[in-house]
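Novice: Using the numbering used here, you'd call the opening residue of the sequence shown number 14 and step up by one each time. Don't be surprised by glycine CBs; every beta carbon is placed ideally from N, CA and C.
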Amino acid sequence: MDKDEVCYWCGKLATSREHVPPKCLFPEEKDVKEIYAQSFRNNLITVPSCDEHNMAKSHEDEYLMACLSGRVGNNAIAYVHNATKVKRSRYRNPNMIKIDGEDILKIDGKEFPVQCVTVDTNKLMHSFEAIARALYFYERNKNFKGDCKIVSRIFTHPGYKKWSDFHVRAAKMIEKEQAHWGTEIRGANTDIFTYQFSPVDGFKCQTLALTFYKSTKVYVILSSMTKEETEKVKLKFTFITKAIFGNLE
Ligand SMILES: [Zn+2]
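1) Residue ranges of each beta strand (DSSP E) run of no fewer than 3 residues wholly in the stretch 186-249, ordered along the chain?
2) Drop a sphere of 10 angstroms on the beta-carbon of W22, count the other beta-carbons inside from all chains shown, and report buried for 16 or more, exposed for fewer.
3) Have a look at A27 and A143 and give me their C-alpha separation to the nearest angstrom.
4) Looking at the unbroken alpha helix (DSSP H) that takes in K136, where does it start and where does it end?
5) Identify every run of the beta strand (DSSP E) within the stretch 46-117, keeping only runs that are complete inside it and at least 3 residues long; order them along the chain.
6) My output table needs one value for C161: the three-state DSSP class, helix, strand or coil.
7) Can you tell me whether G24 is buried or exposed? The criterion is at least 16 other CB atoms within 10 Å of its CB, across all chains shown.
8) Tell me which residues pass a beta-carbon proximity test against ligand 1: closer than 7 angstroms to any heavy atom, given in chain order.
9) Of all the options I110, R182 and F53, which has the alpha carbon lying nearest to the alpha carbon of S165?
10) Kindly identify the DSSP beta-bridge partner or partners of H264.
11) Among all the DSSP beta bridges, which residues are the ones paired with V19?
12) What are the partner residues of E42, as DSSP defines its beta bridges?
13) Do you know offhand how far A192's Cα is from E41's?
14) Whole-angstrom Cβ separation of S71 and C20, contact assumed at under 8 angstroms?
15) Please classify Q219: is it buried, with 16 or more other beta-carbons within 10 angstroms of its beta-carbon, or exposed?
16) Going by Cα to Cα distance, which pick from F53, A50 and H66 is closest to N156?
17) Buried or exposed for Y173, please, with buried defined as at least 16 other CB atoms from any protein chain shown within 10 angstroms of its CB.
18) Determine, using beta-carbon pairs with one atom in the stretch 197-211 and one in the stretch 40-58, whether at least three such pairs fall under 8 angstroms.
19) CA-CA distance, I163 and V233?
20) Rounded to whole angstroms, what is the Cα-Cα separation between L137 and A89?
21) Could you work out which residue in D44, M78, Q209 and Y149 is closest to E190 when comparing CA atoms only?
22) Identify, in the order they occur along the chain, each residue of the same chain with its Cβ nearer than 6 angstroms to the Cβ of D17, setting aside the five sequence neighbours on each side.
23) Tell whether a beta-carbon distance below 8 angstroms holds between S102 and E73.
Below you can see the structure in the form of structure tokens.
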């Protein structure tokens, strides 16, 4: 890497390159070659990073992998990935994911064994923020200086109704808008990961849609408004902007 490259997140001098999203999300050839005659690691994106903001160095990447690939509803390649690489890493680090219990899920009369897990939401949100900031840097060649807010149906929990309702409602709204963005969907390994930036709206907000394993969707709302600007337009806020700035009533 070049000597004067800066970290995608904080702008300090970079010490390494970081894969975005983390490389471990993409299945290794040895694990899938019996089933798929293709590579799932084509043209992976990298950005310069300092030690603090390198997800691989902080082992945040493995946690993200374990939480995402095992989700019900993902595609078959995620299932294979979960049964190989993810299983190995959970064997090495048994405390990585907290299992609450086993259950059987019925889909079209078929039964699927599933595990119920409690995820560390803050850790996951931090990972998605890192991915968003890294993709922004990759696309624009500059650091994103604003705030990030994460919205996803994966953040629902029967014990937290208000919180769950917010994520479902907000995700639904964004999904509706996304159909009209008209921007390019990017990513060289579409079975594993794609991303799409929305146009920037009148509130200096831009939404980034991340799709993992064709089905797990996470939205990161990137807001560039200053505090003063926020105060000025507060009355005009829509549901989603109220949510972003934390005054959702
Ligand atoms: Zn940094």
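Specialist: Judging by the given coordinates:
1) 206-210, 218-225 and 229-236
2) buried
3) 15 angstroms
4) T134 to R153
5) 59-62
6) strand
7) exposed
8) C20, W22, C23, K25, S62, C63, E65 and H66
9) R182
10) The requested residue 264 is not part of the displayed model; the chain covers only 14 to 262.
11) L26
12) Paired residue(s): none; E42 is not in a bridge.
13) 33 angstroms
14) Not a contact, Cβ separation roughly 13 angstroms.
15) buried
16) H66
17) exposed
18) yes
19) 5 angstroms
20) 23 angstroms
21) Q209
22) none
23) no
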